[in-house]
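Per our numbering, the very first residue in the sequence shown carries number 22; after that it's consecutive.
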Amino acid sequence: MVGLPESLELGPRPTEFVSQLLVDVFGAQTLSTLPELDRAHRSLLPKPGLNEKPRTIIIRFHRFQTKDLVMREVRRRRGTLEFRGHKLQFYEDYTAEVQKQRVQYRDAMAELFNRGFRPSLLFPAKLRITLPDGRNRWLGSVSEATRFIQSTKEDAGPSP
């Protein structure tokens, strides 16, 4: 979780604070009970100065299903998550190997988005493209994505 100012979670039980924060942010409709967390702590970087960005909070959910529910809701609400006036962002924590695989799709995803498609990456690194007619297409490699982009350029004909 990114965006929570430093020291808001101070107290004897920061994990309980973050659990309550999640209910406050997502509402009782999404999280009907306090989510059980194994851990919640700031990243191990030095504490930032007053005008610097706050450190990331790392959250480990006890149950995968709860984490999955939260991340689905994060994607659904895109950019509208706030706590006490502070905009919050949530990201999955991937291994270095998975991150390397996913970053390879960045340019292809940007190109697809610019062409009116809705690309998304499924774990670990499989590209799903929602076509304009609502159908989905799955591509398992960057080279497949490049070929798909080339085929859409050919179908569109020469640009004016």
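Beta carbons: idealized from backbone N, C-alpha and C, even for Gly.
Out of curiosity, what's the CA-to-CA distance linking residue i and residue j?
| i | j | result |
| --- | --- | --- |
| Leu86 | Val46 | Correcting the residue type first, residue 86 is Gln in the shown sequence and not Leu. Cα to Cα, Gln86 sits roughly 18 angstroms from Val46. |
| Pro179 | Thr173 | Note that Pro179 scores 40 on pLDDT, short of 50, meaning its location in the model is unreliable; the coordinates nonetheless yield the value given after this. Each residue's Cα considered, the two are about 11 angstroms apart. |
| Arg76 | Glu94 | 23 angstroms |
| Gly24 | Thr151 | 30 angstroms |
| Leu29 | Lys108 | 14 angstroms |
| Thr101 | Gly48 | 13 angstroms |
| Arg156 | Lys147 | 16 angstroms |
| Phe104 | Gln171 | 43 angstroms |
| Arg158 | Val124 | 20 angstroms |
Compare the C-alpha of residue i against each of the options and name the closest.
| i | options | result |
| --- | --- | --- |
| Gly106 | Gly32, Leu42, Pro35, Glu37 | Leu42 |
| Pro35 | Ser53, Gln50, Glu57 | Glu57 |
| Pro69 | Gly155, Glu27, His83 | Glu27 |
| Val120 | Gly100, Val39, Leu142, Ile170 | Checking the sequence shown, residue 120 turns out to be Gln, not Val. Comparing Cα positions, the closest option is Leu142. |
| Thr167 | Gly48, Leu133, Arg139 | Leu133 |
| Glu37 | Arg149, Asn72, Trp159, His83 | His83 |
| Asn135 | Ile78, Val39, Pro153, Gln122 | Pro153 |
| Thr54 | Glu73, Phe144, Val91 | Val91 |
| Gln122 | Phe169, Phe111, Phe144 | Phe144 |
| Arg81 | Arg139, Val39, Pro67 | Val39 |
Assuming residue i contacts residue j (C-beta within less than 8 angstroms), just tell me the rounded distance between them.
| i | j | result |
| --- | --- | --- |
| Val44 | Leu52 | 5 angstroms |
**OP:** Would you list, in sequence order, the uninterrupted beta strand (DSSP E) runs of no fewer than 3 residues that lie entirely inside the stretch 111–149?
**Re:** Here the runs fully enclosed are 139–143.
Original post:
Below 8 angstroms, can you find three or more Cβ-Cβ pairs linking the stretch 116–129 to the stretch 152–168?
Top reply: Contact between the stretch 116–129 and the stretch 152–168 is present, because at least three Cβ pairs lie under 8 angstroms.
Original post:
Is it a yes or a no for the stretch 108–124 touching the stretch 57–72, going by three-plus beta-carbon pairs under 8 angstroms?
Top reply: Put simply, the stretch 108–124 does not touch the stretch 57–72. Fewer than three CB pairs are less than 8 angstroms apart.
Subject >> Whole runs of the alpha helix (DSSP H) within the stretch 34–94, excluding any shorter than 4 residues >> reply: Along the stretch 34–94, the alpha helix (DSSP H) occurs as fully enclosed runs of 4 or more residues at 35–47, listed in sequence order.
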